[in-house]
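Each residue of the sequence shown is one higher than the one before, starting from 26 at the first, in this note's numbering. Even for Gly, the Cβ is constructed at its ideal location relative to N, Cα and C.
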Amino acid sequence: MTDFTYDGLPGRIVFGAGAAHTRLAGELDLLGAQRILLIATDTEGDLATRLCTPFADRIVSTFSHVRPHVPVEVAELARKVATDSGADLVLSVGGGSTTGTAKAVALTTRLPVVAIPTTYAGSEVTPVWGMTDHGRKTTGTDGRVLPKTVVYDPDLTVSLPVELSVASALNAVAHCVEAFWAPRRSPVSSAVAEDGIRHLAAGLDTLAASPTVTPAREELLLGAYLAGSAFAVAGSGLHHKICHVLGGAFDLPHAQTHAIVLPYVLAYNAPNATEATNRISRALGRPDTVTALRELGAGLGGPAGLRELGVTEADIDTVVGDITAIAPADNPTPVTDEGVRSILRGAWAGSDSVETAR
Ligand code: NAD
26 MTDFTYDGLP GRIVFGAGAA HTRLAGELDL LGAQRILLIA TDTEGDLATR
76 LCTPFADRIV STFSHVRPHV PVEVAELARK VATDSGADLV LSVGGGSTTG
126 TAKAVALTTR LPVVAIPTTY AGSEVTPVWG MTDHGRKTTG TDGRVLPKTV
176 VYDPDLTVSL PVELSVASAL NAVAHCVEAF WAPRRSPVSS AVAEDGIRHL
226 AAGLDTLAAS PTVTPAREEL LLGAYLAGSA FAVAGSGLHH KICHVLGGAF
276 DLPHAQTHAI VLPYVLAYNA PNATEATNRI SRALGRPDTV TALRELGAGL
326 GGPAGLRELG VTEADIDTVV GDITAIAPAD NPTPVTDEGV RSILRGAWAG
376 SDSVETAR
């Protein structure tokens, strides 16, 4: 592809082991933050409190009522807390659900966000917000929700259980893979995506043996940053549309859903996406990309099929039409109801049925 339009995104990135402890206060000073709303779940509460100790007097309120996929009522509650406390900045410490809550606040209040991610979701470098209302997920793009500064500290991800780490890292791999055929792909997003896969695969390779060792976590977090950056500028394609509909319809865990579905979408697109497949293969160092993807997280736990997440076989037909309706028109393999059904059947059964998705 030689014709492209590329919109670079602003944002300051600070990356390094220990950075959340040593660099955060200085970054908040640079933004002139005096009245900070802290958003963190109870799970990340102790960590967030420790990180905020040097500037505890500037925390005017703490919001911990974070829920997956940002229900609108949670967004409204968080916005009220921000307004009532007179906050001038939102600091989020946590995974994509926490970052998403901070973004929901920024969307209406225009407050700047500083994000400290503790998973590999990548939301912290995208201008995309998402909220759910009665099982329907709505997303949108707005530059106001893009965090002004992101502090990436691999040490904070050591506590992420291996199974969740794998799912979250495969979610990041999905951002990279999809960036090759997403609507706003460009040579920049493809280069970033390829390198992202390389780092994520290296991190996954050593994760099982050394989940608490910083180098593996550094590889994964760096890969997650690159993945989020590629996704942010390239946009979302068939894989993300499928996961978006599944997540909203059946209230599925985000990272695990991505991890399960990705090989089936790759198998569906691969015959018509030669350059993407070659680059994924080069990054993974393996000729068969679908098998390599499936083996990346194998043996490290996690569900193999959607049925293990509580989806029934009958559920598949209820979402096929919704997915086909929003699938990108220029997906490498034309998207039909039958094609989507075959991807979902494969992903539902898991294990050896990748071939059926072609
Ligand atoms: P999450 O934020 O819901 O976190 C999953 C679980 O992990 C939670 O229980 C959390 O408390 C726990 N956790 C987080 N960090 C931990 C750590 N270091 N140690 C131990 N436990 C930890 O899940 P997620 O996968 O990070 O994010 C998913 C959400 O992010 C979804 O709503 C998804 O739509 C959104 N997302 C948005 C974008 C975007 O660009 N807008 C991109 C990716 C994901």
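Run through DSSP, which three-state label would residue i get?
i, result
"A323", "coil"
"S86", "strand"
"T136", "Checking the sequence shown, residue 136 turns out to be Leu, not Thr. L136: coil per DSSP, three-state reduction."
"L34", "coil"
"F205", "coil"
"S235", "coil"
"K173", "coil"
"F29", "coil"
"V153", "strand"
"D342", "helix"
"G165", "strand"
"D355", "coil"
"D230", "helix"
"Y145", "coil"
"T361", "coil"
"R370", "helix"
Look at the Cβ atom of residue i, then the Cβ atom of residue j, and state whether they are nearer than 8 angstroms.
i, j, result
"V138", "P172", "yes"
"R209", "G260", "yes"
"A44", "L76", "no"
"L232", "V187", "yes"
"A284", "N356", "no"
"F80", "V106", "no"
"T143", "G120", "yes"
"A374", "R319", "no"
"Q281", "P312", "no"
"A317", "L309", "yes"
"F275", "E203", "no"
"T133", "A103", "no"
"V91", "T123", "yes"
"L315", "A292", "Strictly speaking, residue 315 in this sequence is Val, with Leu absent from that position. Contact flag set, yes."
"V421", "R83", "The structure shown has nothing for residue 421, since the chain only spans 26 to 383."
"P228", "A194", "Per the sequence presented here, residue 228 reads as Gly, with Pro not at that position. Contact flag set, yes."
"L384", "T182", "This structure leaves residue 384 out entirely; the chain is present only between 26 and 383."
"V95", "T164", "no"
"S110", "S86", "yes"
"H265", "L287", "no"
"G322", "V217", "no"
"T358", "P296", "yes"
Just mark residue i as buried or exposed, buried being the case when its beta carbon has 16 or more other beta carbons within 10 Å.
i, result
"G253", "buried"
"E380", "Note that E380 scores a pLDDT of 48, beneath 50, so its modelled location is shaky and nothing firm can be said."
"A249", "buried"
"A382", "Low confidence applies here, because A382 scores a pLDDT of 42, under 50, leaving its location unreliable and the question unanswered by this model."
"K128", "buried"
"T78", "exposed"
"P184", "It is worth fixing the name first, because residue 184 is Ser in this sequence and not Pro. By the 10 Å Cβ count, S184 comes out exposed."
"D28", "exposed"
"G33", "exposed"
"P179", "buried"
"G155", "buried"
"E58", "Here residue 58 turns out to be Ala, not Glu, going by the sequence shown. The residue in question, A58, is buried, as its Cβ has 16 or more Cβ neighbours within 10 Å."
"T174", "buried"
"A354", "exposed"
For residue i, which residues does DSSP report across the bridge?
i, result
"L116", "L63 and V139"
"F40", "Y177"
"D158", "R161"
"P96", "T157"
> Between the region 341-359 and the region 258-272, do at least 3 Cβ pairs fall closer than 8 angstroms?
Replying inline: Yes, the region 341-359 is in contact with the region 258-272.
> Should the region 27-39 be regarded as contacting the region 60-75, the criterion being three or more beta carbon pairs within less than 8 angstroms?
Replying inline: The count of Cβ pairs closer than 8 angstroms, one atom from the region 27-39 and one from the region 60-75, stays below three, leaving the stretches out of contact.
>> I'd like to know if the region 323-341 and the region 365-372 are in contact, where contact means that at least 3 CB-CB pairs between them fall below 8 angstroms.
In response: Result yes; three or more Cβ-Cβ pairs closer than 8 angstroms.
> Between the region 216-229 and the region 160-170, do three or more beta carbon pairs fall short of 8 angstroms?
Replying inline: Short answer: they don't touch.
>> Does the region 232-243 come into contact with the region 200-219, if we say contact requires no fewer than three beta-carbon pairs (one atom in each stretch) closer than 8 angstroms?
In response: Taking 8 angstroms as the limit for Cβ pairs, the verdict is that the region 200-219 does not touch the region 232-243.
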